[in-house]
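**Q** For the sequence shown, the working numbering begins at -11 and goes up steadily by one. My structure is below; once you've seen it, I'll send some questions.
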Amino acid sequence: MADLPPLAPVPPPAVRTTLQQAEWEACIDAWTMLLGVRIDAPVKIFQDVASKDESAVLFLSSFYNQLATSGEAGLKLGLKGRTLRKLSFLLTRRILLDLSSPPADLLAWNFLGNLCCCYPSSAALKRLLLDAWDKHHGTITASVEKAKSSIIKQLMNKKTSETPAVDADIRTLTILASTLPTCGQVLMAGSDYLDTLSDAYQAQPRETLRRVFVANVYVGLTSLLKSKPNLSSLLDQLFGLKATAGVGTSKTRKEPTLLSDLVCSSDLLARLEKYLTDHPQKRGEDLVSSLRTYQTESRVFHHRYQKKKKTVEKGKGRGVPISGGEELHAHRMSLVTQIQDLFPDLGSGYVIRLLDYYGDGPETVVAHLLDSSLPPELQSLDQTEDLSIPQSIINPDPMAPNSPPPEIAEADESFARKNIFDKDVDLAELAHSNDPNARNKLRFGREDDLTADDVLADRSKHAANKAAIISALATFDSDDDERDDTYDAADVGGTVDTVPASTDAEAEAQNRRATAEDLDLSLFKSYRSNPGLFARDSATRRSQPRTSLKGETGMTDEAIEGWAVMLQRDPKRLSKLEDRLALSAGTPGGAMAQPELPPTSYRKPRADEESEESDAHGSFGGRGRGRGRGGPRGGRGRGRGGSRGSGPSGEQNTAASRQRKEENKSSRANHNRRQQRAKKIARGGGLPG
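The structure is reproduced here in structure tokens:
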């Protein structure tokens, strides 16, 4: 390992431009080989030599610095560039985690910041930085504190406050604090750093530098809510910025400040409110309320910082057709898109060559790309090659004006176009004028001065016109009529049936009532003989008597049990069924069965009663004039019909009838009697009858 050639640092861009492509690829091959040797070295040998390997530290520092600042395409694009980046990350990881005291240059804030710039949104990088912080947090903290002090001094010096170096350092610290929140917490320790940034914000009129300050403060303050939250420190910093801006006092600045830009251009208050929802604190809630008011007052000075939305190509652009042997199928282009989603640095032309080599198998192509097992003839090709389209086959602009068409020779007037309907008689042709001079002329108003009498009196063309009309009528075919009268006499569902169906409906209603009564009586018999048969438990439902009852009635267990419950809740129904069972002597329709006699007195018909039942409640006897109640022994003349109280005392409830009479006397009886008497007196001339 001691005899291993050292790693040369990555040259700056000025030197890189002087190298040929072959020389540059040779450098990449050498770096790749030497990095692989260091990564594959045994643990003991690596720990002994890596701490003294200054060339590796110098190479890694220069590599990530060039990759983060200049964006050298040769270090990122292509298979060799990706391999070099991967091996550099693995070597950095092994040095930081395997060595007990790694080189300080690899734990410096600028190296870690460049590392974050080269691998954005990398989960492996975040795990590496967290592990490195756990093992070497003291060294990293000292480096960040040193950078913080350096930035404070540069911002306080008016000569160096506007240099690009300060801008780049603050940006690097912002990216590092965003990836490693503990570094942001180190930046927010104390008030000197925020006070310096606040003063620099007021002194700097440049919008770009102000955005750098706001982004750095935002990342630092939000880091206090991550990993190990420190809410008290966050509130202290916000109170300090609030005091500097004079919020809530008469000295409130009517101009943009670092705090106003922070609360108006970011979601800091929303994050703080969300955290306070889970961890309520009166001090924090009051601060957020005051900052919300300040945000409303300062909104006119700022706008929300948002990333520009990337315009997604929807494929609605002008199509470029490809003809000949270079025509591409839509399925082929979808394969190219699938591979470019995983490897965006590959050109479409290079992907087409890979698909041609592997028989349009995207899985095979992706597997070889991931394993770096492409054949040499494919590796030597330009991996950024795009699909070239010959200019000669591109369609012209469809919106471009067309050239005037060539002159077309006038058609021969003697040529007549034949048609299958030429022999048909057109009634409209009968109205055309036969004057050859009148053709192709547009006329307004009447063609001639003839009146209707003159036209009817002119019999010169009567025979010809009559013959033409008769000929047209003779050629008319009734099958050509547009009206289809096939179903005119058929019943298609729109007619009304005039046959009355009341007889069937009444019979069906009577059958339903009889069936329901028989079913109730059958259930009541079972209920009287064995009430436990209607119990609502599983044993009863599985019993043989319950099964027999279900087969007899055709009802389910729930219906049978519900019938018993409703019977227990209705005493009147229970007594009625008992009376029916007693009258029928246990057998419906038996020898002792008696018909149920409906009451003969008038009752106001109910809405749900059938017309037959309503008629049955009417009067049966009595032919009295108007006032007859219609009893069974009703008399004639002025009598009130049959008496309700003349029967035996047990047949009718005379007390109840008398009570109903007294109740209705004021509304009907006395008034009606008095009015009828007045009418009779009037008819008799005023003499009592």
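Ideal placement from N, C-alpha and C gives every residue a C-beta, glycine not left out.
Grab me the residues of P(-6)'s own chain with a C-beta within less than 6 Å of its C-beta, minus the 5 sequence neighbours each way, in chain order.
**A** S43, listed in sequence order.
**Q** Going by beta carbon distance, what residues of the same chain come within less than 7 Å of T6, once the five residues before and after it are set aside?
**A** Answer for T6: no residue qualifies.
**Q** Taking 8 Å as the cut-off, decide whether the C-beta atoms of Y189 and C106 are in contact.
**A** No; because the gap between Cβ atoms is not below 8 Å, this pair is not in contact.
**Q** Look at the alpha carbon of A670 and the alpha carbon of R662, and state the distance between them as a whole number of angstroms.
**A** So the alpha carbons of these two residues sit roughly 12 Å apart.
**Q** Measuring only the C-alpha atoms, how far is A460 from A452?
**A** C-alpha separation (whole angstroms): 12 Å.
**Q** As a quick exercise: from I158, S186, A120, pick the residue whose alpha carbon is nearest that of T679.
**A** With the chain covering only -11 through 677, there is no way to say anything about residue 679.
**Q** To the nearest angstrom, how far is the alpha carbon of Q142 from that of H267?
**A** Straight-line Cα distance between these residues: approximately 39 Å.
**Q** Residues in its own chain within less than 7 Å of A682 by CB, not counting five upstream and five downstream?
**A** It is not possible to answer for residue 682, since the shown part of the chain is limited to -11 through 677.
**Q** So T210 packs on L256, CB below 8 Å; how close in whole Å?
**A** With 8 Å as the limit, T210 and L256 qualify as a contact, their Cβ atoms being about 7 Å apart.
**Q** In this structure, does DSSP put R405 in helix, strand or coil?
**A** Looking at R405 - three-state DSSP - the assignment turns out to be coil, as it is neither helix nor strand.
**Q** Return helix, strand or coil for G717, following the three-state DSSP convention.
**A** The structure shown does not extend to residue 717, since the chain spans only -11 to 677, so no value can be given for it.
**Q** Just confirm the distance between the C-beta atoms of Q283 and V251, as a whole number of angstroms; I'd bet it's less than 8 Å.
**A** The pair is a contact, with the Cβ atoms about 5 Å apart (cut-off 8 Å).
**Q** Within the same chain, show all residues whose beta-carbon is closer than 6 Å to that of P(-3), passing over the 5 residues directly before and after it, in chain order.
**A** Closer than 6 Å at the Cβ level, and outside the excluded window around P(-3), lie L46, F47, S50.
**Q** Count the CB pairs spanning the segment 552 to 567 and the segment 537 to 544 that are closer than 8 Å, and state whether there are at least three.
**A** No: fewer than three Cβ pairs fall under 8 Å.
**Q** Take V3 and list the residues in its own chain whose beta-carbon comes closer than 6 Å to its own, dropping the five residues that flank it on each side.
**A** Counting only Cβ-Cβ distances below 6 Å, and skipping sequence neighbours, we find nothing.
**Q** Quick check: V205 and L260, are their CB atoms within less than 8 Å of each other?
**A** Contact: no.
**Q** Short of 7 Å in beta carbon distance, which residues of its chain neighbour K147, apart from the five on each side in sequence? Order them along the chain.
**A** Result list for K147: empty, nothing under 7 Å.
**Q** Just verifying my parser: in three-state terms, what is the DSSP assignment at S76?
**A** Correct three-state label for S76: helix.
**Q** Report the rounded CA-to-CA distance for P636 versus R591, giving the unit in angstroms.
**A** Reliability fails at P636, whose pLDDT of 44 lies under 50, so the model's placement of it is uncertain and the value that follows must be treated cautiously. Between P636 and R591, the C-alpha separation is close to 23 Å.
**Q** Within the same chain, show all residues whose beta-carbon is closer than 8 Å to that of P384, passing over the 5 residues directly before and after it, in chain order.
**A** Any reading at P384 needs caution, since the residue's pLDDT is 47, under 50, leaving its predicted position unreliable; the model's value is listed next. Excluding positions up to five away in sequence, the list is empty.
**Q** Among K114, N218, A191, which has the Cα closest to the Cα of T167?
**A** Looking at the Cα atoms, K114 is the closest of the given residues.
**Q** Do you know offhand how far D274's Cα is from D249's?
**A** Distance between the alpha carbons of D274 and D249 is about 20 Å.
**Q** Going by CA-CA distance only, name the one from L116, S278, L342 that's closest to R82.
**A** That would be L116, whose Cα lies nearest to the Cα of R82.
**Q** Go ahead and pull the three-state DSSP assignment for E566.
**A** Reduced to three states, the DSSP call for E566 is helix.
**Q** Can you tell me whether Q54 is buried or exposed? The criterion is at least 16 other CB atoms within 10 Å of its CB, across all chains shown.
**A** Buried.
**Q** Would you say P1 and S89 are within 8 Å of each other, going by their C-beta atoms?
**A** Not in contact: P1 and S89 (Cβ atoms no closer than 8 Å).
**Q** Given a threshold of 16 other Cβ atoms within 10 Å of its Cβ, counted over all protein chains shown, does E566 qualify as buried or as exposed?
**A** Exposed, by the Cβ-count rule.
**Q** For S58, which three-state DSSP category applies?
**A** S58: coil per DSSP, three-state reduction.
**Q** What residues in its chain sit with their C-beta under 7 Å from that of D93, if we drop five residues either side in the sequence?
**A** The residues are V45, S49, F99.
**Q** Cβ of L164 within 7 Å of any heavy atom in the ligand ATP?
**A** Absent from the structure shown: the ligand ATP. Ligands present: none.
**Q** Going by alpha carbons, who is nearest to Y345 out of S563, D333, L369?
**A** Minimum Cα distance to Y345 is reached at L369.
**Q** Does Q498 pass the burial test, meaning 16 or more other C-beta atoms within 10 Å, or should it be called exposed?
**A** With fewer than 16 Cβ atoms within 10 Å of its Cβ, Q498 is classed as exposed.
**Q** Does Y189 have its Cβ less than 8 Å from a Cβ in chain D?
**A** This model lacks chain D altogether, as it is built from one protein chain only.
**Q** Count the other C-beta atoms from every protein chain shown that fall within 10 angstroms of the C-beta of N518, then say buried if there are 16 or more, exposed otherwise.
**A** So N518 ends up on the exposed side.
**Q** If you draw a straight line from the alpha carbon of M144 to that of I16, how long is it in whole angstroms?
**A** So the alpha carbons of these two residues sit roughly 43 Å apart.
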